[in-house]
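Asks: Here's a structure for you.
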Amino acid sequence: MAPATLPATVYRLTDIAPTADSMFEATSTGRLAAPGVDVMELDIAGSPAVLYFRQHPPSKAGWTPGLSSLTGVSLPLVKQDCEAVLIVAAEPYVYGIGFGQGYLAVADSREPGFGLRCALRAVDPARVRDVGRRALGGLPRHDSTYVPDGIPIGGVGIRDYAELVKKLGGLIKASDLGLSHRESVSVEGADGLRLPIPLEPTAFRALLHRLNEISEREVPSDFERLEAIRPVGSEPLRDRLDALLDEALRGQGDPRLHVAVPSTLIELRHEARSYRIKVGSVAIVREELDLDDLRRRCKVQHCISPSAALREGTVEMCADSEGKESIGRARAIRWIEAVGSIGSHVYQLSDGDWYECGATYVRSVQRRLQELIVPEPEVTMLPWRAGESEEDYNVRMQDTLGRGRYLCLDRKFSRTRQQRRGKGYEACDGLTDRHTLVHVKAAGSSEPLSHQFAQALISTRTLYSEPDARAKFSAKVAELSGGLLTVPEDFVPSKVVLAVLLKGKELTPDSLYPFAQVALVTLADTLRRDHGVIVEVVGIPNDS
Numbered sequence: 014m015a016p017a018t019l020p021a022t023v024y025r026l027t028d029i030a031p032t033a034d035s036m037f038e039a040t041s042t043g044r045l046a047a048p049g050v051d052v053m054e055l056d057i058a059g060s061p062a063v064l065y066f067r068q069h070p071p072s073k074a075g076w077t078p079g080l081s082s083l084t085g086v087s088l089p090l091v092k093q094d095c096e097a098v099l100i101v102a103a104e105p106y107v108y109g110i111g112f113g114q115g116y117l118a119v120a121d122s123r124e125p126g127f128g129l130r131c132a133l134r135a136v137d138p139a140r141v142r143d144v145g146r147r148a149l150g151g152l153p154r155h156d157s158t159y160v161p162d163g164i165p166i167g168g169v170g171i172r173d174y175a176e177l178v179k180k181l182g183g184l185i186k187a188s189d190l191g192l193s194h195r196e197s198v199s200v201e202g203a204d205g206l207r208l209p210i211p212l213e214p215t216a217f218r219a220l221l222h223r224l225n226e227i228s229e230r231e232v233p234s235d236f237e238r239l240e241a242i243r244p245v246g247s248e249p250l251r252d253r254l255d256a257l258l259d260e261a262l263r264g265q266g267d268p269r270l271h272v273a274v275p276s277t278l279i280e281l282r283h284e285a286r287s288y289r290i291k292v293g294s295v296a297i298v299r300e301e302l303d304l305d306d307l308r309r310r311c312k313v314q315h316c317i318s319p320s321a322a323l324r325e326g327t328v329e330m331c332a333d334s335e336g337k338e339s340i341g342r343a344r345a346i347r348w349i350e351a352v353g354s355i356g357s358h359v360y361q362l363s364d365g366d367w368y369e370c371g372a373t374y375v376r377s378v379q380r381r382l383q384e385l386i387v388p389e390p391e392v393t394m395l396p397w398r399a400g401e402s403e404e405d406y407n408v409r410m411q412d413t414l415g416r417g418r419y420l421c422l423d424r425k426f427s428r429t430r431q432q433r434r435g436k437g438y439e440a441c442d443g444l445t446d447r448h449t450l451v452h453v454k455a456a457g458s459s460e461p462l463s464h465q466f467a468q469a470l471i472s473t474r475t476l477y478s479e480p481d482a483r484a485k486f487s488a489k490v491a492e493l494s495g496g497l498l499t500v501p502e503d504f505v506p507s508k509v510v511l512a513v514l515l516k517g518k519e520l521t522p523d524s525l526y527p528f529a530q531v532a533l534v535t536l537a538d539t540l541r542r543d544h545g546v547i548v549e550v551v552g553i554p555n556d557s
């Protein structure tokens, strides 16, 4: 039985009108104009299309010379590749799909970030599988998270003010793409969108028009923060930053430069055996990509600036040591990262665009505080009476709700192999019948809250990391509750509630002390990222 779909990556192409003549004229260049390429004009369910395809001649496998040198055995092994590119209109846009190495033919004409834009608007925020992100303002680091079963986006631990999300994959409803062969399908979005394309022409055409609609949707609130960091929009500012980059490429000025791999090619880096650098009219091949090679090529471009030379030049990742078997290509500007400053503002060049570091930091903290301080908490905290101690308050919570619903564990310390000095550690102030750890604190300054946050972090990590801590906690809960509330010996928390009495004011994101705001967000993000633990914050009312 023939398959109903085929996995493929769909790219949206720029500056091409959705007509057969325009598509042919715009794409019949470079790789698609090489000898041996066949071209056919098609009609796919009423949409004009152009199909390019070719069979490569046999060639020696790039790894055979090295293996022959190692073993002394002559290896007459050859390989033969083929490729195809389908260009198809879906008004008002034009799309390109590469098969084999056909994706290389549309590398320079595809719309940056189109696939990510679609993924952010279609993927279920609770079923995220794959995230790739770049750090801002620090080391040139690329981090990837992959969870086959999918997790909520909050569990990935993205610092949205300091990381650029460059790739997002996850599950979406098949019906959202007009597919009916299963309930949900997996997609992955970066510059292109990888997804199963239907092989029936009418359904395929409908899919492309569905992508038109998806790309124009409002981004869901769960993903909104991932689009908060935008490239510098001011052209004069971009020119000033490029001028700083020019100085650095000439070996002058302060901007720090690092070699980087474009986010769209990061997964191919292990297949690379050489790099073909073409900045200007001359191409050079190197086994490793070196910043000095890029600098030297920029310095000999006398008619344009170094940054302009990088924006026009290319670097190709090749599967052979001679630089002939290209497996990926991007503009040379995307192969470096730079960090520079103008006054007190710090900027970073990443994937060819300039970003201001920390520009969304304050908004990010305030947004997270709005999420953390919940209006309807799991447990309703009693009003705090004047002169009441923390221990007395937790005992009153236990007496009011009953030990089977809220067990007071305030000042009930335990020693473990790590927490072995003094009295040991305190797991929590209260435990609910849903096995939520509750930490209670009355605060007139940020200092008591720092202690509360540290307690929550240490107790959670202790229960996740030390078997004896889990066993002792289980025994203590059973003992103190008289068997009304129990947790298993392998118990680890999935949720932590921070109950806070701010003396003289109601707890809100604005009323929380600035130092505590940052510390709280850091704690919540750390517990979610490291252990998948949800943190909620609830205000305790004054008894007035």
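Going by our numbering, the residue at position 110 of the sequence shown is 123; the numbering climbs one at a time, nothing skipped.
From the three backbone atoms N, C-alpha and C, an ideal C-beta is built for every residue, glycine too.
Fair warning: this is a prediction, and the values are worked out from it, not measured in the lab.
1) Taking buried to mean at least 16 other C-beta atoms within 10 Å of its own C-beta, is Pro-275 buried or exposed?
2) Across the segment 321–330 and the segment 289–296, are there enough close Cβ pairs to call them in contact, namely three or more that are closer than 8 Å?
3) Where do the N-terminal and C-terminal ends of the beta strand (DSSP E) with Glu-300 fall, by residue?
4) Locate the beta strand (DSSP E) running through Cys-421, then write down its first and last residues.
5) For the beta strand (DSSP E) containing Phe-66, list its first residue and its last residue.
6) With distance defined between alpha-carbon atoms, name the residue in Ile-471, Arg-251 and Thr-535 nearest to Ala-440.
7) Rounded to whole angstroms, what is the Cα-Cα separation between Leu-450 and Ala-529?
8) What's the call for Val-200, buried or exposed, on a 16-neighbour Cβ count within 10 Å?
9) Buried or exposed: which applies to Phe-426, given that a residue is buried once 16 or more other Cβ atoms fall within 10 Å of its Cβ?
10) Which two residues bound the contiguous beta strand (DSSP E) that contains Gly-202?
11) How would you label Cys-131, buried or exposed, when you count the other beta carbons within 10 angstroms and need 16 or more for buried?
12) Looking at Leu-536: is its Cβ nearer than 9 Å to the Cβ of Ala-469?
13) Could you check which residue in Ile-547, Gly-496 and His-448 has the C-alpha nearest to that of Asp-503?
14) When DSSP labels each residue in this structure, what does Asp-255 get in the three-state scheme?
15) Excluding sequence positions up to five away, which residues of its chain have a Cβ less than 8 Å from the Cβ of Val-360?
16) Rounding to the nearest angstrom, what Cα-Cα distance links Thr-393 and Gly-415 in this structure?
17) Helix, strand or coil, according to DSSP, for Ala-554 in the structure here?
18) In chain order, what are the residue ranges of uninterrupted beta strand (DSSP E) at least 3 long that sit wholly in the segment 375–414?
19) Quick test of your reading: Ile-340 and Glu-284, contact by CB under 8 Å. State the CB separation rounded to the nearest angstrom.
20) Cα-Cα, which of Ile-242, Ala-484, Asn-407 and Leu-422 is closest to Thr-373?
21) Under the three-state reduction of DSSP, which class applies to Ala-33: helix, strand or coil?
22) Please identify the residue among Trp-76, Val-531, Ala-321 and Asp-235 whose C-alpha is closest to the C-alpha of Glu-338.
23) Tell me whether Arg-541 sits in a helix, a strand or coil according to DSSP, three-state version.
24) According to DSSP, which residues form a beta bridge with Cys-95?
25) Flag this pair as yes or no: are the beta carbons of Ala-139 and Ile-166 separated by less than 9 Å?
26) Tell me the rounded alpha-carbon separation between Ala-30 and Ile-100.
27) What does DSSP give as the partner residues of Arg-146 in its beta bridges?
28) Please identify the residue among Lys-92, Arg-380, Ser-459 and Arg-286 whose C-alpha is closest to the C-alpha of Leu-302.
29) Take Arg-195 and list the residues in its own chain whose beta-carbon comes closer than 6 Å to its own, dropping the five residues that flank it on each side.
30) Apart from the five residues just before and just after Gly-126, which ones in its own chain have a Cβ nearer than 7 Å to its Cβ?
31) Going by CA-CA distance only, name the one from Arg-380, His-271, Pro-161 and Ala-58 that's closest to Glu-213.
32) Just list the residues that DSSP pairs Trp-367 with in beta bridges.
33) Could you pull out every residue in the same chain whose Cβ sits closer than 6 Å to the Cβ of Tyr-526, ignoring the five residues on either side in sequence?
34) Looking only at its own chain, which residues have a Cβ that is under 7 Å from the Cβ of Ile-185, when we skip the five neighbours before and after it?
35) Is Val-534 closer than 9 Å to Arg-381 when the C-beta atoms are compared?
36) Check whether the Cβ atoms of Glu-350 and Pro-209 sit closer than 9 Å, and answer yes or no.
Replies: On the basis of the data shown:
1) Along the sequence shown, one-based indexing puts residue 275 at 262. Per the 10 Å Cβ criterion, buried.
2) Counting Cβ pairs under 8 Å, three or more are found: they touch.
3) Position 287 of the sequence shown, counted from the start, is the residue given in the question as residue 300. Counting along the chain, Glu-300 falls outside any beta strand (DSSP E), and DSSP gives it neither H nor E.
4) Counting from 1 along the sequence shown, the entry for residue 421 is found at position 408. Element bounds for Cys-421: 419–421.
5) Counting from one through the sequence shown, the residue named residue 66 turns up at place 53. In this chain, the beta strand (DSSP E) harbouring Phe-66 covers 60–68.
6) Here the question's residue 440 lines up with position 427 in the sequence shown. Here the closest residue by C-alpha is Ile-471.
7) Looking up residue 450 in the sequence shown gives position 437. Looking up residue 529 in the sequence shown gives position 516. One C-alpha to the other measures close to 20 Å.
8) Working through the sequence shown from its first residue, we reach residue 200 at position 187. Flag for Val-200 reads buried.
9) As a first step, residue 426 must be located in the sequence shown, where it is residue number 413. By the 10 Å Cβ count, Phe-426 comes out exposed.
10) Numbered from 1 along the sequence shown, position 189 holds the residue referred to as residue 202. Its beta strand (DSSP E) spans residues 197–202.
11) As a working note, residue 131 is residue 118 in the sequence shown. Result: buried.
12) Numbered from 1 along the sequence shown, position 523 holds the residue referred to as residue 536. Numbered from 1 along the sequence shown, position 456 holds the residue referred to as residue 469. Taking 9 Å as the Cβ cut-off, Leu-536 and Ala-469 qualify as a contacting pair.
13) Residue mapping note: residue 503 aligns to position 490 of the sequence shown, counting from 1. Looking at the Cα atoms, His-448 is the closest of the given residues.
14) Start at 1 with the first residue of the sequence shown, and residue 255 comes out as number 242. In this structure, Asp-255 counts as helix in the three-state DSSP scheme.
15) Here residue 360 is taken as the residue at index 347 of the sequence shown, counted from 1. The question names Val, but residue 360 is Tyr in the sequence shown. Val-245, Leu-254, Val-352, Gly-353, Ser-354, Trp-367, Tyr-368, Glu-369 and Cys-370, listed in sequence order.
16) Taking the first residue of the sequence shown as 1, we reach residue 393 at position 380. Taking the first residue of the sequence shown as 1, we reach residue 415 at position 402. Approximately 13 Å between the Cα atoms of the pair.
17) Here the question's residue 554 lines up with position 541 in the sequence shown. As written in the sequence, residue 554 is Pro, which differs from the Ala given in the question. If DSSP states are grouped into helix, strand and coil, Pro-554 belongs with coil.
18) Those beta strand (DSSP E) runs which fall completely within the segment 375–414 and span 3+ residues do not exist here.
19) The sequence position of residue 340 within the sequence shown is 327, counting from 1. The sequence position of residue 284 within the sequence shown is 271, counting from 1. About 6 Å separates the two Cβ atoms, so the contact holds.
20) Here residue 373 refers to the residue found at position 360 of the sequence shown. The shortest CA-to-CA distance from Thr-373 to any of Ile-242, Ala-484, Asn-407 and Leu-422 is the one to Ile-242.
21) Reading the sequence shown from its first residue, position 20 is the one you call residue 33. Three-state DSSP puts Ala-33 in a helix.
22) The residue you call residue 338 lines up with position 325 of the sequence shown. Closest by alpha carbon: Trp-76.
23) Residue 541 sits at position 528 when you count from the first residue of the sequence shown. Assignment of Arg-541 by DSSP, reduced to helix, strand and coil, places it in the helix class.
24) What you label residue 95 is simply residue 82 of the sequence shown in a count that begins at 1. Looking at the DSSP assignment, Cys-95 forms a beta bridge with Gln-68.
25) Translated into the one-based positions of the sequence shown, residue 139 becomes position 126. Translated into the one-based positions of the sequence shown, residue 166 becomes position 153. A distance below 9 Å separates the beta carbons of Ala-139 and Ile-166.
26) Within the sequence shown, the letter at position 17 stands for residue 30. Within the sequence shown, the letter at position 87 stands for residue 100. Rounded to the nearest angstrom, the gap between the Cα atoms of Ala-30 and Ile-100 is 12 Å.
27) On the sequence shown, residue 146 is found 133 positions in, with the first residue counted as 1. According to DSSP, Arg-146 shares a beta bridge with Asp-156 and Val-178.
28) As a working note, residue 302 is residue 289 in the sequence shown. Closest by alpha carbon: Arg-286.
29) Residue 195 sits at position 182 when you count from the first residue of the sequence shown. If we look at Arg-195 and ignore the five residues flanking it on each side, its Cβ neighbours are Ala-187.
30) Counting from one through the sequence shown, the residue named residue 126 turns up at place 113. Taking C-beta separations shorter than 7 Å and ignoring five residues to either side along the sequence, the partners of Gly-126 in its chain run Asp-204, following chain order.
31) Sequence index remark: in the sequence shown, residue 213 carries index 200 (1-based). Ranking the options by Cα distance to Glu-213, first place goes to Ala-58.
32) Here residue 367 corresponds to residue number 354 of the sequence shown, with the count starting at 1. Beta-bridge pairing links Trp-367 to Leu-362.
33) Numbered from its first residue, the sequence shown carries residue 526 at position 513. Ser-459.
34) Against the sequence shown, residue 185 aligns to sequence position 172. The beta carbon of Ile-185 sits closer than 7 Å to those of Ala-135, Val-136, Asp-137, Ser-197, Val-198 and Val-200, all from its chain and outside the five residues before and after it, given in chain order.
35) For the purposes of this step, residue 381 is taken as the residue at position 368 of the sequence shown. For the purposes of this step, residue 534 is taken as the residue at position 521 of the sequence shown. Yes, they are a contact pair.
36) Looking up residue 350 in the sequence shown gives position 337. Looking up residue 209 in the sequence shown gives position 196. Judged by their CB atoms, Glu-350 and Pro-209 are not nearer to each other than the 9 Å cut-off.
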